[in-house]
Amino acid sequence: MVFDYIDGTARRGTAGQGHGAALKARALADIRLSPRFLVNVAQRELGVQVFDHAARRPYGIAPMGMCNLVCPGADRMLAQLTARDHVPLGVSTMASTPLEQIIETAEGHARFQLYHSGDGSHTKG
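Mapping of the sequence shown onto my numbering: position 109 corresponds to residue 95, and the numbering continues sequentially without gaps.
Shown next as structure tokens:
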């Protein structure tokens, strides 16, 4: 079951046909990098402004549900990386670790991803 959860979209797609995986593969194949030659890189700055704070790296960590099934403690490990690099962490509705622990470990850099159905009235705090 764990393998199918992780590998499912790569082989079969959520609708059973793999259309989403094919679109993703095509989009990634179309990316082209333009190298810059003879650029002075003695002073590099990777930091960017993300939401209301300065991030040390130009990326964030996407929400990953049930990642503790693959590697015990993965939710906390991702939160530690988030705190270290001051980058946003998307916390999945399906996270295996209590949200309070992830938020504390991420030192304020966590963002909760809420899945809701229907009119959303049951999601209001």
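Yeah, the Cβ is synthetic: ideal placement off N, Cα and C, and Gly gets one too.
Among the residues of its own chain, which have a CB less than 6 angstroms from the CB of residue i, if the five just before and after it don't count?
i	result
residue 101	79
residue 89	96
residue 98	77
residue 71	42 and 43
Give the DSSP-derived three-state secondary structure of residue i in the structure shown.
i	result
residue 6	helix
residue 39	strand
residue 81	coil
residue 17	coil
residue 24	coil
For residue i, does the count of other Cβ atoms within 10 angstroms reach 16, so buried, or fall short, so exposed?
i	result
residue 40	exposed
residue -2	Residue placement at residue -2 is poorly supported in this model, since its pLDDT is 49, which falls under 50; the coordinates still yield a value, given next. Looking at its Cβ environment, which holds fewer than 16 other Cβ atoms inside 10 Å, residue -2 is exposed.
residue 25	exposed
residue 73	buried
residue 19	exposed
residue 75	buried
Near residue i, which residues of its chain fall below 7 angstroms by C-beta distance, leaving aside the five closest residues on each side in sequence?
i	result
residue 91	62, 65, 66 and 69
Please look up how many angstroms separate the CB atoms of residue i and residue j, rounded, as I've assumed it's under 8 angstroms.
i	j	result
residue 36	residue 46	7 angstroms
| Three or more C-beta pairs closer than 8 angstroms, one from the segment 71 to 86 and one from the segment 47 to 61: is that the case here? | yes
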